[in-house]
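Residue numbers (this note's numbering), protein chains in the order written: chain Y, 62 to 488; chain F, 62 to 488.
Quick reminder that beta carbons are idealized off the backbone N, C-alpha and C, glycines included.
Everything numeric in this text was worked out from a predicted model, so none of it was measured.
Everything below concerns the one structure shown next.
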């Protein structure tokens with residue numbers, strides 16, 4: 062059907078030269094410039110979920126001094142060697158220590174003890190703590206009813222964290238307990254990788270913003286989806302707005318985006334139709350321009366990649382499922398590259414597939430799946446539907462990519478990537 | 062050892078009456094008053110991760126009209142029945158339609174066609190779309206080279222979402238694609254459950270705030286940990302500050318907390334020592350006061366629960382591991398009760414345990430574990446250490462609870478709860 066596939070048609074702007082997603086991303090990695098990751102200092106209270114830009118070394122021992130692990134009394138272990146309820150060790154209670162007490166307040170002589178509130182310093186002259194309920198008390202006299210080994214109920218200085226040790230490593234994603242540790246080390250602000258900015262441009266005469274809402278037009282909702290996804294992957298999304306199907310408008314919006322973001326994403330206008338100007342726009346703006354257009358994956362085939370001024374431009378298709386595929390294949394890994402973490406937002410789970418699935422010859426398949434748990438086993442149910450069907454993405458909670466021409470049988474195991482880590486909660 | 066366990070001691074304020082975590086939480090559920098969950102309207106852009114307060118019914122069909130799924134030409138399928146490259150169907154091109162075009166712009170007669178950009182309305186008189194690359198074009202004459210079945214490459218009105226259907230259900234946690242759907246339905250604001258407020262009070266003479274930082278004192282870092290955890294579970298934490306080990310100060314802080322939060326959490330001051338005033342404070346404030354003190358779990362034994370003015374007060378122990386155990390046992394489920402979702406923040410994964418573990422007789426065990434993936438299999442490595450060891454919580458990423466006296470052998474499967482869904486990313 063040669064005549065049906067000519068290059069110079071009035072109704073087709075260009076031909077796609079298909080490459081694999083891996084090859085396309087390799088080109089991108091080789092062409093973009095990430096000199097060094099930008100960082101910023103944030104207060105530890107606002108650091109949860111952020112990526113550490115440098116390792117943290119402990120400047121102190123935690124705890125700072127030996128402390129009691131229980132409410133009890135300070136004893137010298139060897140003095141309790143042969144004691145029992147019938148033959149107790151008798152000690153004189155000299156006073157009380159509490160967590161707020163200073164270490165030097167007491168120095169015990171043989172026959173002396175002090176009450177230790179849980180967390181109190183263990184005073185000189187003692188090396189163990191006997192629990193309150195294992196003693197008898199008569200006024201200022203204490204009877205210890207059982208033998209105690211040395212160090213019993215003592216938390217040692219540096220036992221939890223040793224001075225000079227690396228407590229958190231560069232690239233670690235901060236969690237509540239990490240913030241608690243930073244506070245204990247009296248660190249108030251912490252260096253984290255700056256969130257990469259992702260600019261999102263929507264292309265199409267038919268689009269209108271939610272705020273304007275012309276009834277005859279289509280709401281620009283895909284930009285909301287892609288930017289919310291970028292946000293969940295740890296980026297800072299910036300919705301640039303809508304460009305009409307006019308080359309100059311698209312050029313202008315992309316140029317603006319390049320000045321304020323590390324990653325530029327366009328939605329729509331990158332197919333082969335007469336109004337698909339995005340690849341032309343990218344080539345107009347600068348070198349090398351488009352580095353790949355046409356990906357061996359379905360849906361998502363018309364996705365394109367460009368680089369201008371060292372920055373990546375991901376041209377996502379106008380169908381939402383294709384667009385989401387392109388996001389996971391290219392935008393998510395770009396965010397990770399710019400975030401100093403190769404793990405953000407991508408929980409993967411092995412699951413049995415609930416029915417036969419396959420990919421077309423020469424094409425990988427981006428398969429929407431609904432991952433669910435049946436009797437403690439993960440099952441992936443493929444969700445079929447057109448590439449413009451938003452409702453299939455509502456039903457799905459993740460995806461899997463099949464190799465070119467792959468045939469996978471019901472019951473075979475697949476690696477499912479959840480759309481993001483929160484999807485795990487709705488399983 | 063009767064004399065070692067009397068009730069009226071000067072060095073022990075009270076005896077614990079141990080109950081199981083389940084019994085304690087049952088009492089709490091029976092005693093607190095949650096009349097009805099509070100909701101608020103938020104803009105859809107800010108609704109990601111929030112819990113829907115009402116089901117959403119589609120007010121419209123998506124798409125609104127039949128649209129082309131490809132760049133191509135409108136045809137009547139039955140006219141293509143016997144066509145081939147050698148014997149093509151010839152049609153006159155009457156014009157072009159694009160996604161922004163109105164439906165009524167063309168009405169095709171036999172022998173006519175229009176160019177349809179991807180997403181363009183499919184005009185009257187046609188019922189299928191042939192791809193550009195499957196046609197030949199000579200000026201205004203189109204040659205269709207192959208037969209087409211009816212509906213081919215047509216996206217039907219309502220195919221994605223039918224008017225009147227429930228698209229998102231009450232209790233659903235909103236995701237990016239859901240926000241896109243709401244926008245498509247021209248919904249700008251959405252009713253979500255208000256985040257429950259969790260007030261956190263730290264008790265102890267030894268504590269100082271990070272902002273004051275008296276060098277001889279201990280930084281109040283546990284409040285940061287518990288409030289960051291509350292935040293990750295979908296609550297709005299409010300750090301009330303530090304109360305000294307003085308009954309009146311604790312009473313005052315709890316009373317303040319009850320006025321601004323749905324859930325009150327205290328940290329420390331709830332053991333049996335001479336300075337442990339929190340249970341007294343709770344009983345002082347109102348009825349019923351303390352409803353459980355002493356939980357059959359280790360660590361976490363001295364955790365207490367109270368209810369005043371229908372609101373829950375969780376008394377967490379001063380050791381951080383016990384405190385985190387108490388959070389997961391009581392605070393997290395309380396947040397869920399107040400959030401309208403029983404799933405927030407609690408991904409559970411079955412894993413093989415890497416060594417023998419056991420619980421004491423008559424006590425459940427809160428076991429810190431480091432869940433990791435070895436050859437696509439989840440393995441839970443128990444992390445041992447004292448209940449005051451923050452570093453063990455840095456090493457751990459989840460926990461499991463063993464039944465009273467349970468003996469679990471290496472290789473047996475356990476259900477591990479990750480500290481929160483983000484932990485999955487660091488596996």
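Residue i Cβ short of 7 Å to the ligand FAD heavy atom set
{"i": "residue 370/F", "result": "Absence of the ligand FAD is noted for the structure shown, with no ligands found whatsoever."}
Buried or exposed by the 16-neighbour rule on C-beta atoms within 10 Å, applied to residue i
{"i": "residue 471/F", "result": "exposed"}
{"i": "residue 417/Y", "result": "exposed"}
{"i": "residue 436/Y", "result": "exposed"}
{"i": "residue 425/F", "result": "buried"}
{"i": "residue 147/F", "result": "exposed"}
{"i": "residue 279/Y", "result": "buried"}
{"i": "residue 199/F", "result": "exposed"}
{"i": "residue 337/F", "result": "buried"}
{"i": "residue 192/Y", "result": "buried"}
{"i": "residue 105/F", "result": "buried"}
{"i": "residue 73/F", "result": "buried"}
{"i": "residue 466/Y", "result": "exposed"}
{"i": "residue 397/F", "result": "buried"}
{"i": "residue 500/F", "result": "Outside the displayed span of chain F (62 to 488) sits residue 500/F, for which this structure offers no information."}
{"i": "residue 473/F", "result": "exposed"}
Residue from the options whose Cα sits closest to the Cα of residue i
{"i": "residue 478/F", "options": "377/F, 148/F, 348/F and 411/F", "result": "411/F"}
{"i": "residue 108/F", "options": "395/F, 284/F and 243/F", "result": "243/F"}
{"i": "residue 129/Y", "options": "214/Y, 114/Y and 136/Y", "result": "214/Y"}
{"i": "residue 145/F", "options": "196/F, 393/F, 485/F and 177/F", "result": "196/F"}
{"i": "residue 155/F", "options": "315/F, 344/F, 136/F and 450/F", "result": "136/F"}
{"i": "residue 460/Y", "options": "430/Y, 126/Y and 274/Y", "result": "430/Y"}
{"i": "residue 97/F", "options": "401/F, 485/F and 334/F", "result": "401/F"}
{"i": "residue 78/F", "options": "364/F, 322/F and 258/F", "result": "364/F"}
{"i": "residue 131/Y", "options": "159/Y, 291/Y, 230/Y and 415/Y", "result": "159/Y"}
{"i": "residue 181/Y", "options": "476/Y, 469/Y, 266/Y and 217/Y", "result": "217/Y"}
{"i": "residue 266/Y", "options": "231/Y, 102/Y, 259/Y and 275/Y", "result": "275/Y"}
{"i": "residue 91/Y", "options": "349/Y, 257/Y and 446/Y", "result": "349/Y"}
Any C-beta of chain F under 8 Å from that of residue i
{"i": "residue 391/Y", "result": "no"}
{"i": "residue 163/Y", "result": "yes"}
{"i": "residue 437/Y", "result": "yes"}
{"i": "residue 335/Y", "result": "yes"}
{"i": "residue 480/Y", "result": "yes"}
{"i": "residue 216/Y", "result": "yes"}
{"i": "residue 263/Y", "result": "no"}
{"i": "residue 289/Y", "result": "yes"}
{"i": "residue 71/Y", "result": "yes"}
{"i": "residue 359/Y", "result": "no"}
{"i": "residue 137/Y", "result": "no"}
{"i": "residue 331/Y", "result": "no"}
{"i": "residue 282/Y", "result": "yes"}
{"i": "residue 279/Y", "result": "yes"}
{"i": "residue 150/Y", "result": "no"}
{"i": "residue 130/Y", "result": "yes"}
{"i": "residue 411/Y", "result": "yes"}
Assumed close pair residue i, residue j - CB separation to whole angstroms, cut-off 8 Å
{"i": "residue 395/F", "j": "residue 251/F", "result": "Going by Cβ atoms, the distance from residue 395/F to residue 251/F rounds to 25 Å, so no, they are not a contact pair."}
{"i": "residue 134/Y", "j": "residue 190/Y", "result": "7 Å"}
{"i": "residue 289/Y", "j": "residue 237/F", "result": "3 Å"}
{"i": "residue 151/Y", "j": "residue 204/Y", "result": "6 Å"}
Interface flag, residue i vs chain Y, CB-CB below 8 Å
{"i": "residue 252/F", "result": "no"}
{"i": "residue 494/F", "result": "This structure cannot settle anything about residue 494/F, because the visible part of chain F is limited to 62 through 488."}
{"i": "residue 121/F", "result": "no"}
{"i": "residue 221/F", "result": "yes"}
{"i": "residue 208/F", "result": "no"}
{"i": "residue 228/F", "result": "yes"}
{"i": "residue 41/F", "result": "Residue 41/F lies beyond the residue range present for chain F, which begins at 62 and ends at 488; the question has no answer from this structure."}
Segment contact flag, the segment 154–172 of chain Y with the segment 115–122 of chain Y, C-beta cutoff 8 Å, min 3 pairs: Under the Cβ criterion (8 Å, minimum of three pairs), the segment 154–172 of chain Y does not count as touching the segment 115–122 of chain Y.
Is the segment 341–355 of chain F touching the segment 76–88 of chain F, taking contact as three or more C-beta pairs under 8 Å? Segment contact: the segment 341–355 of chain F against the segment 76–88 of chain F, three or more CB-CB distances shorter than 8 Å; contact assigned.
For the segment 365–374 of chain F against the segment 333–343 of chain F, do three or more pairs of beta-carbon atoms, one drawn from each stretch, fall closer than 8 Å, so that the two count as touching? With a cut-off of 8 Å on Cβ pairs, the segment 365–374 of chain F is in contact with the segment 333–343 of chain F, counting three or more such pairs.
Is the segment 311–322 of chain Y touching the segment 385–393 of chain Y in the sense that three or more CB pairs, one from each, lie closer than 8 Å? As far as the Cβ criterion goes, the segment 385–393 of chain Y does not touch the segment 311–322 of chain Y, which means the pair count is below three.
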